[in-house]
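Numbering follows this note's numbering, in which position 52 of the sequence shown is assigned residue number 1434; successive positions increment by one, without gaps. Note that beta-carbon positions come from the ideal geometry of N, C-alpha and C, so glycine has one too.
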Amino acid sequence: MSRYLIVGVLLSGACTALGQIRVACELPHEVYVPFEPVVASVTLINDTGTDIPLGSQSGAIQIRMDMTDVYGNALSRMSRKGLTAPDTLPAYTSVVIQASLQRMYDLTARGEYSVTAKAEWGDSSFASPKRFFDIIPGVELKRAKVPLADGLGSRTYMLITINRARGDQLLVRVDDEEQSLCYGVVNLGRMLNRRKPPIIKVDSLGQCHVLFQRAPGQYAYAVCGPDAVLMKQDDLASEYQDARLEIDDSGDVVVLGIPLPEPPPVYRGTLEDNPIRRPPP
């Protein structure tokens, strides 16, 4: 009887050890447009008393991202790149790993996808709950196609809106249509509405300048490079009203507008016999 009790205790201890790695997976959005970065935050929680290495070496935890399409079919991984992880998962603590899903899988087709983060440690595998997101086309507002300054091809800049987080967000997609390449999609953040469309201009260097309203009376200004890199982003709320973009004689794009009027001065005066000194309570 005692022998069975000992075996039961050993099995219980083994099960406890196997349950001491926890995995969570979160996505910042539920909808994306094609070629927009889809970055999952994977949290690994180490409830053991031992530091565990992360990586491909023996005895280490290996991280895998499994994805399925709307029909439940597993997607084929294009690359193992896209994971940014530390070397070690310390005891009794957690680490957050960034996983760039669009670098691992082909996410250009529209539809619903699911992602599961898995931590494989020896013969054990620990999985996060599934997370779902959709790839949708968005709404294209404007586009501009221009040759590059060095004469090496051209770029097409597209302004796209997508509804998420209870509002419209404005994105810039950068394509090389001749080579059938998409350099990326840049999220410029919240846009007030579509009734006053954003303004787009391209300078002599092939950089895209965008001006749009982020909130009532608040303009936002952004510059996106031909490689889909956000070069600059500013809020102009305290500087301009009725702002606009113009191209000067040198080919540079400048922001113009009517400066906000100075607020009226605050006058302070006292009435006769006021204020009255009051006795302390």
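Item, Value
"Looking at the structure shown, is M1460 part of a helix, part of a strand, or coil, going by DSSP?", "coil"
"Which residues does DSSP list as the beta-bridge partners of V1637?", "L1627"
"In the structure shown, what three-state DSSP assignment does T1398 receive?", "With a pLDDT of 38 at T1398, under the threshold of 50, the modelled position of this residue cannot be trusted, and the question is left open."
"How is the beta strand (DSSP E) around R1485 delimited, first residue to last?", "Note, R1485: premise wrong, no beta strand (DSSP E); alpha helix (DSSP H) at L1483 to M1486."
"Would you mind reading off the limits of the beta strand (DSSP E) that contains R1525?", "V1521 to P1529"
"Starting from V1328, follow the beta strand (DSSP E) in both directions and report where the run begins and ends.", "Here the chain comprises residues numbered 1383 to 1663, so residue 1328 is not present and cannot be evaluated."
"According to DSSP, is N1569 helix, strand or coil?", "strand"
"Between the alpha carbons of D1624 and Y1539, how many angstroms are there, rounded?", "24 Å"
"Under the rule that 16 or more other beta-carbon atoms within 10 Å means buried, what is N1428, buried or exposed?", "buried"
"Check P1435 in the structure and name its three-state DSSP category.", "strand"
"Rounded to whole angstroms, what is the Cα-Cα separation between T1430 and V1413?", "36 Å"
"Per DSSP, F1514 is paired with what?", "S1496"
"Mapping DSSP to helix, strand and coil, what is G1549?", "strand"
"Whole angstroms are fine: how far does the CA of N1545 sit from the CA of I1518?", "10 Å"
"In the DSSP assignment, what residue or residues form a beta bridge with K1578?", "Looking at the DSSP assignment, K1578 forms no beta bridge with any residue, so it has no partner."
"For a test of the three-state rule: what should DSSP assign to R1385, helix, strand or coil?", "Only weak support exists for where R1385 lies, its pLDDT of 42 falling under 50; the value from the coordinates is given anyway. Here R1385 sits in helix by DSSP."
"With distance defined between alpha-carbon atoms, name the residue in V1592, Q1600 and D1609 nearest to E1628.", "V1592"
"With distances taken Cα to Cα, identify the nearest neighbour of V1636 among S1586, V1611, Q1600 and V1568.", "S1586"
"Whose C-beta lies closer than 7 Å to the C-beta of G1441 among residues of the same chain, with five residues either side of it excluded?", "P1435"
"Nearest-angstrom Cα distance between M1613 and G1607?", "6 Å"
"Classify N1455 as helix, strand or coil using the three-state DSSP reduction.", "coil"
"Do the segment 1455-1463 and the segment 1486-1496 meet, that is, are 3 or more Cβ pairs less than 8 Å apart?", "yes"
"Report the rounded CA-to-CA distance for L1534 versus K1524, giving the unit in angstroms.", "24 Å"
"Taking only the alpha-carbon atoms, compute the straight-line gap between Q1402 and A1473 and give it to the nearest angstrom.", "10 Å"
"I'd like to confirm the pairing. Which residues does DSSP put opposite M1613 in its beta bridges?", "The partner list for M1613 (beta bridge, DSSP) is empty, contrary to what the question assumes."
"Have a look at F1508, V1452 and T1425 and flag the residue whose alpha-carbon is nearest the alpha-carbon of P1468.", "T1425"
"According to DSSP, Q1444 sits in a beta bridge with which residue or residues?", "E1502"
"From what residue to what residue does the beta strand (DSSP E) around S1562 run?", "Run containing S1562: none; DSSP gives neither H nor E here."
"Using CA atoms only, rank isn't needed, just tell me which of F1514, A1610 and Y1601 is closest to V1554.", "A1610"
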